[in-house]
Amino acid sequence: MSSQQSVPAHVAIIMDGNGRWAKSRNLPRLEGHRRGADRARDVVEWAKDAGIKQLSLYAFSTENWERPDAEVRGLMALLALLLPRRVPEMMQEGVRLLALGDIDALPKRAQRALRAAMEKTAANKTIDLILCLNYGGRQEILAGVRRTLLWALEQEDPKAAVAALTVDDFAAQLGRDGVLPVDLIIRTGGEQRISNFHLWDSAYAELYFSPTYWPDYTREELQAAVDDYARRERRFGLTGEQLR
Ligand code: FPP
């Protein structure tokens with residue numbers, strides 16, 4: 094078991110492999126997503142037990158709109174159906190629900206379910222579940238650039254204001270208030286890429302790839318990733334000697 098200080102505070106998961114899981118069983122893709130949604134519920138509990146403070150789940154990317162219509166509608170319907178059902182559990186477990194992504198562009202039913210669940214769980218303190226919905230890392234950065242430009246235009250000397258901007262100033266424009274830096278990104282399903290997830294915050298995130306399809310993910314797999322993280326030396330550009 095890893096010691097408490099080496100537990101990643103924010104773990105982000107790319108829940109990949111639902112489609113292949115379903116295909117390998119001759120089931121419709123949506124059945125893979127249904128099973129995936131069950132694992133999404135389980136992993137919050139496993140993360141909480143592991144001492145993780147924030148868990149972000151890539152539930153729907155800005156690119157996922159291009160999937161077949163029935164799959165997109167199915168995913169949105171699943172969200173609207175399951176979220177209200179999960180609120181009592183979230184209250185019991187102390188889960189605060191947050192969201193990243195362009196929520197206003199989701200179907201109204203999904204928006205309502207999401208906003209209601211966020212409101213009800215707002216005072217919970219044990220773990221944050223951050224659902225990334227209609228989320229794209231490039232889009233998030235672009236939105237931050239737009240906000241920064243508008244802010245700069247209002248300054249007395251816009252050129253000087255832009256020249257003086259720091260990394261922290263810009264990060265404050267990303268709409269990620271209350272979201273901790275990502276410590277560990279886990280991707281299931283065997284592919285080894287980031288796919289537009291947490292681009293800004295993946296700068297110093299540790300990466301962990303698992304071949305398991307998301308519907309088959311287990312508590313032991315999450316613990317293996319957390320233990321692997323605990324063995325890594327995070328240097329943030331410094332030398333190992335400087336850290337010691
Ligand atoms: C990737 O698997 C998974 C998704 C695009 C959706 C993830 C959604 C859930 C786990 C359900 C919970 C979320 C909602 C919105 C209800 P894939 O379909 O790309 O799998 P493949 O690569 O094997 O085809």
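When you read off a place in the sequence shown, starting at 1, and then add 93, the result is the number in my numbering. Ideal Cβ positions, reconstructed from N, Cα and C, are used throughout, including at glycine. Keep in mind the model is a prediction, meaning the values are calculated, not measured.
### Task
Please go through the stretch 211-251 and give each complete alpha helix (DSSP H) segment of 4 or more residues, from N-terminal end onward.
230-246
### Selection from Lys213, Val188, Asp262, Gln232 that minimises the alpha carbon distance to Asp245
It is worth fixing the name first, because residue 245 is Ala in this sequence and not Asp. Comparing Cα positions, the closest option is Asp262.
### Task
Could you spell out where the beta strand (DSSP E) holding His103 opens and where it closes?
103-107
### Query
Which class does Val188 belong to by DSSP, given the choice of helix, strand or coil?
strand
#### Entry: Reduced DSSP secondary structure (H/G/I, E/B, other) of Phe329
coil
### Query
Where are the beta strand (DSSP E) runs, 3 residues long or more, that stay fully inside the stretch 239-314, in chain order?
277-280, 299-302
### DSSP-derived helix/strand/coil call for Arg171
Per the sequence presented here, residue 171 reads as Leu, with Arg not at that position. Residue state, collapsed to three classes: helix.
### Task
Taking only heavy atoms of ligand 2 into account, decide whether any of them is closer than 7 Å to the Cβ of Asp109.
As presented, the structure is devoid of ligand 2, carrying ligand 1 as its sole ligands.
### Query
If we ignore side chains and look at the alpha-carbon of each, how far apart do Gly125 and Arg113 end up?
8 Å
### Message
Would you say the beta carbon of Trp307 is closer than 7 Å to some non-hydrogen atom of ligand 1?
### Response
yes
### Message
Pairs of beta-carbons, one from the stretch 104-119 and one from the stretch 270-283, closer than 8 Å: are there three or more?
### Response
yes
### Query
Is any heavy atom in ligand 1 found nearer than 7 Å to the beta carbon of Asn217?
no
### Query
Closest to Asn289 by CA distance: which of Met184, Arg239, Leu242, Arg231 is it?
Arg231
### Query
Which value, in whole angstroms, describes the spacing of the CA atoms of Gly187 and Asp135?
14 Å
### Query
Just curious, the beta strand (DSSP E) that Leu149 is in, first and last residue?
Note that residue 149 is Ser in the sequence shown here, rather than Leu. Its beta strand (DSSP E) spans residues 147-154.
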